[in-house]
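Each remark here refers to the structure printed beneath this line.
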Amino acid sequence: MLRNRHMIGWVQAAPLAAVLVGFLILPIITVGIVSFWRATEFSIIPAFTWENYEFLFGSEVAWRVFGATFRYAAITWALTLSIGFTVAYYLAFHIHSLKWQVALFLLCTIPFWTSNIIRMISWIPFLGRNGIANGALMDLGLVDEPVEWLLYSDFSVILAFVHLYTLFMVVPIFNSMMRIDRSLIEAARDGGASGFQTLVHVIVPLCKPGIMIGTIFVVTLVMGDFITVRFMSGSQSANVGRLISNDIGLLAYPSAAATAIVLLGTVLITIAVLLRFVDIRKEL
Amino acid sequence: MARRPLSFYVLTLVFVLFVIFLYGPTIVIGILSFQGPRGGLTFPMNGVSLHWFFDLFEQQAVGDIWGSFRRSFALGLMVMVTTVVVSVLGGMAFRKRFAGSSVLFYLIIASLVIPSILISLGVGLIFNQLGWRVHWATSGFGSQLTWTLPFGLLIMFAVFNRFDASYEEAARDLGASPWQTFSHVVLPIIAPSLIGVALFGFTLSYDEFARTLLTAGSYNTLPLEIFGMTTNVTTPVIYALGTLTTVFSFLVIGACLLAVTLLGRQRSKGATR
Chain H
1 MLRNRHMIGW VQAAPLAAVL VGFLILPIIT VGIVSFWRAT EFSIIPAFTW
51 ENYEFLFGSE VAWRVFGATF RYAAITWALT LSIGFTVAYY LAFHIHSLKW
101 QVALFLLCTI PFWTSNIIRM ISWIPFLGRN GIANGALMDL GLVDEPVEWL
151 LYSDFSVILA FVHLYTLFMV VPIFNSMMRI DRSLIEAARD GGASGFQTLV
201 HVIVPLCKPG IMIGTIFVVT LVMGDFITVR FMSGSQSANV GRLISNDIGL
251 LAYPSAAATA IVLLGTVLIT IAVLLRFVDI RKEL
Chain E
1001 MARRPLSFYV LTLVFVLFVI FLYGPTIVIG ILSFQGPRGG LTFPMNGVSL
1051 HWFFDLFEQQ AVGDIWGSFR RSFALGLMVM VTTVVVSVLG GMAFRKRFAG
1101 SSVLFYLIIA SLVIPSILIS LGVGLIFNQL GWRVHWATSG FGSQLTWTLP
1151 FGLLIMFAVF NRFDASYEEA ARDLGASPWQ TFSHVVLPII APSLIGVALF
1201 GFTLSYDEFA RTLLTAGSYN TLPLEIFGMT TNVTTPVIYA LGTLTTVFSF
1251 LVIGACLLAV TLLGRQRSKG ATR
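Next up, the structure:
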């Protein structure tokens, strides 16, 4: 019977396992192997060399780019967390009818199901030199000539990240908030806590799992990104993802692979640290 | 009705601003896609016309966007069906612990958080070394599944965690076979969630970029085609394309939400009868 139980599980999980082995594990292993290979101008040659890693760690540019990647992740995290928490709090505690909660929640999630590329492109008329933002600033007399750093700058990169990824904070935090037993909040009020004290001492601690899950999403998405930085900075800023995609463009696969492995290591360490704060399996 | 506290109004304002922030840019390119023939990428509007939408039908203006749309649509359907089937099976499997289940669980999470470019690069390299040609329907298809399946499974986990197993027991007690129990009891109960999984499967595939980049081969999917356009197209035709594909996404989302609502309504009617 025990055997049977395992068998059914394995059969049902087999297609899933097959996809993950074929398109997740094998690719990672391949990237790991190729990171030790050599490249010529036209092809890649099997070898066992640490050259790619030595070059990466010896390169000042690479260190700077890794630093920039962390900076993007940290700033985006802080912004998405504060906006996401506020929005989730509003939906969970200020909207009392379930119907409205569902409707407004959907309103926040719908953009997630549309194209990221289009959503990035759609900032151009807003932030461009002759865009709406500059027009408004000049009409208000705040500036005399168009502000150049609105588009194709770190500012626009962060703006796009926040635009694309705040949702990943809203959903898990909202989910945590909806599970909070409302009598706890009443108890806090009866005990004489102010609204702010209730927020800090009751709601925030109980939302920690949601905050952590959102954090993992946002941090990994930003750290692994290459397209947003490339597009929104007009190729003027770099992060690790762009370092990799540039190497790929030059057909320098071993070097790209080495950078990708280091990126993967960095992301996994970051997640391991975050996971110390939350048990994901309990949260589903 | 109790009076609302001041914080309610402040937060409502924040929420409204957030929604404007989310939708504003999309609405702006929606408006700008109706630019006159001589209009540019920003305001002011230089007349109003459908010029740029007509341009989408001319090969030389935009390249092969209709071909890429067809490919993205077909790929989206393939990914959608596979995601639903594999997620349901996987979700059923995870209802009981089996040897290796926690390893598989962490693989699912890993699939979600791994930088997309690793999948793209890795799959591309495997095909390259094996001498296979990358193609959107093979390597692209598999790579996209590593992004859609985790979402599908997370939804199924949430569904089955709240699933009342006594319905199944009742069916079994009445003599239903395992397959009958599944198709007549479990499936109808989880049906609305399956529409959700399908929505994730289709839209995430339809818009996927990073994992498809090195795995689509010589025939581009729509997002790849659009990204290619950003480097060499400097007319509002790109807004027209953006507007069309966004409207298409909205239609897909709307259809799914409608289906869920109708299912729910039918069910509550059945309950009162």
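First to last, the sequence lines map onto chains H and E. Take the first sequence: its letters are residues 1 to 284, numbered as in this note's numbering. Take the second sequence: its letters are residues 1001 to 1273, numbered as in this note's numbering. Ideal Cβ positions, reconstructed from N, Cα and C, are used throughout, including at glycine.
- Relative to H:Phe-48, the option among H:Glu-60, H:Tyr-152, H:Ser-35 whose CA is nearest is H:Ser-35.
- Looking at E:Leu-1022, E:Trp-1066, E:Gly-1040, the one whose alpha-carbon comes closest to that of E:Asn-1220 is E:Trp-1066.
- For the set H:Ile-158, H:Phe-277, H:Asp-144, H:Ala-187, the Cα lying nearest the Cα of H:Pro-205 is the one of H:Phe-277.
- For the region 1065-1076 of chain E, the set of positions with a beta-carbon nearer than 8 angstroms to some beta-carbon of chain H is empty.
- Along the region 1103-1165 of chain E, the alpha helix (DSSP H) occurs as fully enclosed runs of 4 or more residues at 1116-1130, 1141-1161, listed in sequence order.
- With respect to H:Thr-30, E:Ile-1126 sits close: the two C-beta atoms are nearer than 8 angstroms.
- Among the residues of chain H, those whose CB is under 9 angstroms from the CB of E:Leu-1199 are Trp-113, following chain order.
- Within chain E, the residues Val-1086, Leu-1089 have their CB atoms less than 7 angstroms from the CB of H:Pro-15, given in chain order.
- Here H:Thr-40 is exposed, its C-beta having fewer than 16 other C-beta atoms within 10 Å.
- Just measuring C-alpha positions, the residue of H:Phe-161, H:Val-200, H:Asn-175, H:Gly-22 sitting nearest H:Trp-123 is H:Phe-161.
- In the three-state reduction of the DSSP assignment, E:Gln-1035 falls in the strand class.
- A straight line joining the alpha-carbon of E:Leu-1251 with that of E:Thr-1231 spans about 28 angstroms.
- Beta-bridge analysis with DSSP links H:Ala-39 to H:Ile-44.
- At a cut-off of 8 angstroms between beta carbons, H:Tyr-253 contacts chain E.
- For the 8 angstroms CB-CB criterion, E:Val-1123 and E:Gly-1142 form a contact.
- Shown here for H:Thr-80: same chain residues with a beta carbon closer than 8 angstroms to its own, the five before and five after excluded, namely Phe-161, Val-162, Tyr-165, Thr-166, Phe-168, Met-169, Gly-214, Val-218 in chain order.
- One thing to note: E:Leu-1145 has its Cβ within 8 angstroms of the Cβ of E:Val-1079.
- By the neighbour-count definition (other C-beta atoms within 10 Å, threshold 16), H:Met-212 is a buried residue.
- Annotation: Cβ neighbours of H:Cys-108 in chain E (cutoff 8 angstroms, chain order): Phe-1018, Val-1019, Leu-1022.
- By the criterion of at least three beta-carbon pairs nearer than 8 angstroms, the region 265-273 of chain H is in contact with the region 1110-1120 of chain E.
- Contact note: E:Pro-1192 does not reach chain H at a C-beta cutoff of 7 angstroms; the least C-beta distance is about 13 angstroms.
- Three or more beta-carbon pairs separated by less than 8 angstroms are not found between the region 99-115 of chain H and the region 187-198 of chain H, which leaves the two stretches without contact.
- In this structure, H:Ala-13 keeps its C-beta atom at 8 angstroms or more from the C-beta atom of E:Gly-1201.
- Per DSSP, the beta bridge partners of E:Val-1048 are E:Gln-1035.
- Not a single C-beta of chain H is nearer than 8 angstroms to the C-beta of E:Val-1260.
- Taking the CA atoms as reference points, H:Glu-148 sits about 6 angstroms from H:Arg-129.
- A straight line joining the alpha-carbon of E:Ile-1020 with that of H:Ile-132 spans about 14 angstroms.
- Using a Cβ-Cβ cut-off of 8 angstroms, E:Ala-1093 counts as an interface residue toward chain H, since at least one Cβ of chain H sits closer than that to its own.
- Within the region 1107-1133 of chain E, the residues whose Cβ lies closer than 9 angstroms to some Cβ of chain H are Leu-1107, Ile-1108, Ile-1109, Ala-1110, Ser-1111, Leu-1112, Val-1113, Ile-1114, Pro-1115, Ser-1116, Ile-1117, Leu-1118, Ile-1119, Ser-1120, Leu-1121, Gly-1122, Val-1123, Gly-1124, Leu-1125, Ile-1126, Asn-1128, Gln-1129, listed in chain order.
- One alpha carbon belongs to H:Ile-95, the other to H:Tyr-89, and they sit about 9 angstroms apart.
- The contact set of H:Asn-246 on chain E, defined by CB atoms closer than 8 angstroms, is empty, because the minimum CB distance reaches about 11 angstroms.
- According to the DSSP assignment, H:Trp-77 belongs to the alpha helix (DSSP H) that extends over 60-89.
- Segment contact: the region 179-186 of chain H against the region 140-159 of chain H, fewer than three CB-CB distances shorter than 8 angstroms; contact not assigned.
- The region 1248-1268 of chain E makes contact with the region 1190-1197 of chain E: 3 or more CB pairs, one atom from each, lie closer than 8 angstroms.
- Of all residues in the region 16-29 of chain H, only Leu-16, Ala-17, Val-19, Leu-20, Gly-22, Phe-23, Leu-24, Leu-26, Pro-27, Ile-28 place a beta-carbon less than 7 angstroms from a beta-carbon of chain E.
- With a beta-carbon spacing of about 18 angstroms, H:Ser-115 and E:Asp-1064 fall beyond the 8 angstroms limit used to define contacts.
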